[in-house]
Amino acid sequence: MTGWATFWWAIFPYISLTIFVGGHIYRYATDRYGWGSHSSQILEQRILGWASPLFHYGIILVLLGHVPGILIPSSWLDALGISESLYHLLAVGLGGIAGLMMVVGLVGLLWRRWTVERVRRISLFSDHLVLVVLLIVGLLGLGATYGYQLFVEPYNYRLTVGPWFRSLFTFHPDVALMASAPLIYQLHVASTFVLYIIWPFTRLVHVWSFPIAYLRRAAILYRARGGLAKVPAAATLPVERKRG
Ligand code: HEM
Numbered sequence: 002m003t004g005w006a007t008f009w010w011a012i013f014p015y016i017s018l019t020i021f022v023g024g025h026i027y028r029y030a031t032d033r034y035g036w037g038s039h040s041s042q043i044l045e046q047r048i049l050g051w052a053s054p055l056f057h058y059g060i061i062l063v064l065l066g067h068v069p070g071i072l073i074p075s076s077w078l079d080a081l082g083i084s085e086s087l088y089h090l091l092a093v094g095l096g097g098i099a100g101l102m103m104v105v106g107l108v109g110l111l112w113r114r115w116t117v118e119r120v121r122r123i124s125l126f127s128d129h130l131v132l133v134v135l136l137i138v139g140l141l142g143l144g145a146t147y148g149y150q151l152f153v154e155p156y157n158y159r160l161t162v163g164p165w166f167r168s169l170f171t172f173h174p175d176v177a178l179m180a181s182a183p184l185i186y187q188l189h190v191a192s193t194f195v196l197y198i199i200w201p202f203t204r205l206v207h208v209w210s211f212p213i214a215y216l217r218r219a220a221i222l223y224r225a226r227g228g229l230a231k232v233p234a235a236a237t238l239p240v241e242r243k244r245g
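Numbering (my numbering), first residue to last: 2 to 245.
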């Protein structure tokens, strides 16, 4: 086994997860009031209105899809009667659609952040960085799902990437398994560990303080104090829209 493979598949994941946990503790201790999503809804709603739900629903479905693919041994699904070909069909069909939703949503969010002057001006470096890294992770994932699986050969990552990922939790990472996976899978997985490193220092921390209710909550309407006259943003008050 090369030292390179050992670094990426036995050392880097633990460095990344240590920074992930330690970074959250540090951020909470030093920046409790900056902990949140830093919503810019008040500045632009048209693009946000479709891009944000598309991204959020997409990523939730993608991560749910990773549970049977990565966390659950394939023998368990075999025992339930889900054959490799059925699994493959579902992974490429449903997983691919979810991945596309996530990526298209991300492109919308990036486009908004770069082209809407007011949003761009309040954006931190970390706001750009996190969207770009998420996009890279998503594109590499789609590259594996659509690019490799459909155009190169069907690949059963449940025999390599999945067991390697689970072996991380027993502190005996099976480097050879992951090192044998096609490059696009390796790049996708390595990029997710880069994501975990930057996560605590970005607006992604809102994931831990944001219950699922967010996806269903009513939009916040901003109304002018004095009726419908045009007023600067600073003179508006948030009003929660009533349901139903
Ligand atoms: C270490 C954790 C992860 C592992 C081991 C992993 C592994 C994989 C694998 C093996 C695939 C290919 C599926 C196929 O060929 O059908 C895939 C696809 C994908 N992954 Fe990941 N992934 C991880 C984390 C993530 C994260 C955190 C995200 C998003 C932020 C993500 C986003 C995607 C997307 C968008 C796809 C393509 C669509 C899909 O198949 O659902 N992955 N991932």
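The beta-carbon is built from N, C-alpha and C at its ideal position, and this holds for glycine as well.
- From the listed residues Tyr34, Ser53, Val104 and Asp32, the smallest Cα separation to Ser41 is found for Ser53.
- The alpha-carbon of Ser84 is positioned some 10 Å away from that of Trp77.
- In the three-state reduction of the DSSP assignment, Ala180 falls in the helix class.
- The beta carbons of Leu107 and Leu136 sit closer together than 8 Å.
- Unbroken alpha helix (DSSP H) stretches of 4 residues or longer found wholly inside the stretch 119-189: 126-143, 162-169 and 176-180, given in chain order.
- Here the stretch 69-76 makes no contact with the stretch 15-32; the two share fewer than three CB pairs at distances below 8 Å.
- With 16 or more other Cβ atoms from the protein chains shown falling within 10 Å of its own Cβ, Thr203 counts as buried.
- Remark: the C-beta of Gln150 is in contact range of the ligand HEM, defined as less than 7 Å to any heavy atom.
- Segment contact: the stretch 193-201 against the stretch 144-155, fewer than three CB-CB distances shorter than 8 Å; contact not assigned.
- Looking from the CA of Leu184, the closest CA among Ile221, Ala145 and Leu169 belongs to Ala145.
- Between Ser127 and Arg114, the C-beta gap is not smaller than 8 Å, which leaves the two residues out of contact.
- Counting along the chain, the unbroken alpha helix (DSSP H) around Tyr15 starts and ends at Phe13 to Thr31.
- Residue range Glu85 to Leu91 is occupied by the alpha helix (DSSP H) that includes Tyr88.
- Secondary structure of Val108 (DSSP, three-state): helix.
- Counting C-beta pairs with one atom in each stretch, the stretch 43-51 and the stretch 91-104 have fewer than three that are closer than 8 Å, which means they do not touch.
- In terms of Cβ geometry, Gly66 and Ala92 form a close pair [threshold 8 Å].
- His173 counts as exposed, since fewer than 16 other beta carbons sit within 10 angstroms of its beta carbon.
- Judged by their CB atoms, Leu141 and His89 are not nearer to each other than the 8 Å cut-off.
- Taking non-hydrogen atoms of the ligand HEM into account, the C-beta of Leu196 is found less than 7 Å away from one of them.
- Rounded to the nearest whole angstrom, the CA to CA distance from Ser168 to Thr7 is 14 Å.
- Counting the other CB atoms within 10 Å of its CB gives Tyr186 a total of 16 or more, which places it among the buried residues.
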